[in-house]
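In UniProt numbering, the protein residues as written are 1 to 633.
Built from N, CA and C at the ideal position, the CB exists for glycine as well.
Keep in mind the model is a prediction, meaning the values are calculated, not measured.
Notes follow the structure.
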């Protein structure tokens with residue numbers, strides 16, 4: 001079927017479309033109805049179905065001959081460890097750990113917070129919670145004790161699961177002291193803390209509360225799968241950058257399984273038995289969807305990679321993994337490829353590896369600039385698919401549907417809306433805009449399966465934050481446009497549109513221009529306050545390794561390029577060379593934080609930041625260059 005026909009069917013008859021897709025999964029009781037009203041007056045998908053997500057991901061495959069197929073490849077260059085775990089072994093580990101959780105009183109509907117590094121046990125814990133019909137909430141390993149405590153208080157878990165430590169390129173992070181402190185800070189106290197002891201760091205244990213995973217799991221009676229309703233929650237995931245009261249996205253069991261199973265073929269063109277690598281972390285939505293659930297639901301092999309794209313040991317790390325494990329598709333954030341490009345700008349290390357197994361490179365998590373797109377396609381010889389999605393949706397809103405019909409790509413575009421997503425560009429009054437006109441990106445309700453339909457414990461916050469600005473639509477918070485061919489261009493968060501002397505300009509467009517300079521590895525453009533023009537853009541550029549250019553020369557080049565591509569109205573006159581940009585652990589540049597620094601505003605360093613010291617570094621560079629002083633004047 002063509003993409004156009006598939007998409008049209010999904011929009012014109014969504015209920016029948018998704019009921020047909022649901023037939024690809026092993027239900028305990030298949031859904032009879034696709035859409036029904038929810039308790040909060042919105043809607044639910046497959047509420048009458050009965051299932052268990054862990055059964056779909058493990059038991060079903062073992063019963064149907066995949067027991068000896070590798071389910072998880074664990075590759076940890078930071079610990080020099082490699083391990084293959086087949087479906088049978090993974091099922092046994094998950095059932096035993098589920099038995100351990102059950103022995104601690106975890107039952108259907110209870111919450112379990114998981115605070116783990118990128119090791120197989122993180123997946124085991126998630127699947128074990130799902131096996132019991134409970135609800136997991138994964139908190140990125142290494143988050144501060146305070147941030148962990150806030151999430152404990154919101155989710156109110158019966159049990160907390162952790163490891164003794166996380167391993168990074170140059171340091172070991174002890175998790176247990178952070179867990180202990182979080183349990184002191186939190187008002188809600190988990191009954192038990194289960195700890196996986198890593199040999200690199202053995203944690204001290206509290207006798208009455210703490211449980212040694214390795215010791216007690218051996219004694220546990222394996223637990224069977226608990227049947228849940230389709231509308232029952234599978235997990236809570238707190239969105240990155242949360243401050244104050246956290247915002248917990250809730251994913252239900254049935255619609256999540258249907259959408260992710262469909263996406264593996266439709267978007268990623270992966271068949272059961274093939275190797276899929278999402279180079280992310282289980283703490284992020286990408287890790288939930290495409291390290292854990294989607295590959296296993298589809299009967300694939302998934303890679304758990306405990307390392308970085310560079311310095312483990314070099315910028316050839318990704319290419320080594322792809323060759324070694326016969327990866328068919330890899331999925332990572334653009335920032336990973338920008339890091340590789342920075343350290344290996346001529347792509348010399350790619351020549352050391354055979355990438356013939358690789359069909360497609362997928363990128364998401366942050367806007368893919370044309371420069372990174374072109375560098376990756378030219379040097380790998382592989383098609384690069386930029387696709388756009390959010391924590392709230394759990395899977396791609398727009399993509400090149402490789403498994404349905406590969407479409408022509410356009411640099412800077414995430415191609416076309418995925419079947420099920422009725423994407424519209426709206427003006428401030430909620431009126432649809434014509435092609436090539438920038439506005440707010442919104443999705444007409446009902447959202448397709450797997451998308452959130454509430455915030456944990458606070459439907460009002462969900463309604464106010466996503467549904468009230470444009471009645472009848474989900475407001476994505478991103479701005480962009482759809483061209484005359486139906487291609488979606490996501491230009492960034494709506495607050496990244498700046499007003500220069502009455503002209504509304506996208507900082508994303510300016511970043512495209514800066515990134516195309518052959519000396520620039522990565523960049524950001526922010527709008528700062530100006531007494532005369534309201535706002536003016538300022539660039540921050542990270543240079544490629546070995547780039548030989550002065551700041552003055554670079555600034556002159558970039559001013560000329562922006563004038564040529566966008567026009568003098570853009571008014572970009574200053575670009576600072578910086579050693580790094582402050583980012584979240586998932587690779588998103590903290591643009592709001594950069595604006596606050598430049599505008600001399602008070603700011604809070606978010607818990608999701610990768611390296612807090614980068615903030616002081618940027619602040620000093622801005623001050624040295626008179627940027628903050630200019631604002632004050």
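When C-beta atoms of the segment 317-326 are compared with those of the segment 247-267, fewer than three pairs fall below 8 angstroms, so the two segments do not count as touching.
Runs of the alpha helix (DSSP H) lying entirely within the segment 381-467, each at least 4 residues long, are 459-462 in chain order.
Note on residue 64: under 16 other CB atoms within 10 angstroms of its CB, so exposed under the neighbour-count rule.
Distance from the CA atom of residue 615 to the CA atom of residue 529, rounded to whole angstroms, is 20 angstroms. A residue is called buried when at least 16 other Cβ atoms come within 10 angstroms of its Cβ; residue 512 meets this threshold and is buried.
At the C-beta level, residue 544 and residue 342 come within 8 angstroms of one another.
If you check the CB distance, residue 452 and residue 440 do not come in under 8 angstroms.
The straight-line gap separating the alpha-carbon atoms of residue 418 and residue 397 is approximately 6 angstroms. Taken in chain order, the unbroken stretches of alpha helix (DSSP H) that lie wholly in the segment 43-108 and span 4 residues or more are 60-63 and 87-103. The straight-line gap separating the alpha-carbon atoms of residue 6 and residue 196 is approximately 46 angstroms. When 257, 294 and 253 are compared, the shortest CA-CA separation from residue 269 is found for 294. Nearest C-alpha to residue 111 among 190, 385, 307 and 50: 190. Taking all protein chains in view, the Cβ of residue 527 is crowded by 16 or more other Cβ atoms within 10 Å, so the residue is classified as buried.
For the pair residue 114 and residue 625, the Cα-to-Cα distance works out to about 44 angstroms. The alpha carbon of residue 580 has as its nearest neighbour, out of 144, 546, 596 and 542, the alpha carbon of 542. When Cβ pairs closer than 8 angstroms are counted between the two stretches, the segment 283-300 is seen not to touch the segment 467-484, the count staying below three. Under the 10 Å beta carbon count, residue 171 is surrounded by fewer than 16 other beta carbons and is classified as exposed.
Here the alpha carbon of residue 305 sits roughly 45 angstroms from the alpha carbon of residue 431.
Within the same chain, Cβ atoms closer than 7 angstroms to the Cβ of residue 472 are found at 444 and 445, the five residues on either side in sequence being excluded.
Between residue 408 and residue 2, the beta carbon gap of about 14 angstroms keeps them out of contact (Cβ cut-off 8 angstroms). With a minimum length of 4 residues, the unbroken runs of alpha helix (DSSP H) contained wholly in the segment 170-214 fall at 176-185. Buried is the label assigned to residue 423, since at least 16 other Cβ atoms lie within 10 Å of its Cβ. Counting C-beta pairs with one atom in each stretch, the segment 329-343 and the segment 246-253 have fewer than three that are closer than 8 angstroms, which means they do not touch.
Every beta strand (DSSP E) stretch that sits fully inside the segment 532-607 and reaches 3 residues is listed by chain position as 534-543 and 574-577. Taken through DSSP and simplified to helix, strand or coil, residue 5 comes out as helix. Rounded to the nearest angstrom, the gap between the Cα atoms of residue 144 and residue 186 is 13 angstroms. Cα atoms of residue 514 and residue 565: separation of roughly 10 angstroms, rounded to the nearest angstrom.
The closest CA to that of residue 335, considering only 312, 607, 359 and 376, is found on 376. Under a 10 Å Cβ-count criterion, residue 555 is classified as buried, with 16 or more other Cβ atoms of the shown protein chains found around its own Cβ. With fewer than 16 other CB atoms across the displayed protein chains lying within 10 angstroms of its CB, residue 437 is exposed. Residue 223 holds the alpha-carbon nearest to the alpha-carbon of residue 132 among 56, 71 and 223. Contact between the segment 223-233 and the segment 205-214 is absent: fewer than three C-beta pairs spanning the two stretches fall below 8 angstroms. Residues of the same chain with a CB within less than 6 angstroms of the CB of residue 470, apart from the 5 flanking positions on each side, are 426, 430 and 442 in chain order. The Cβ atoms of residue 315 and residue 352 do not sit closer than 8 angstroms to each other. When the five nearest sequence neighbours on each side are left out, the beta carbons in the same chain lying within less than 6 angstroms of the beta carbon of residue 93 are those of 124, in order along the chain. Cα atoms of residue 162 and residue 211: separation of roughly 10 angstroms, rounded to the nearest angstrom.
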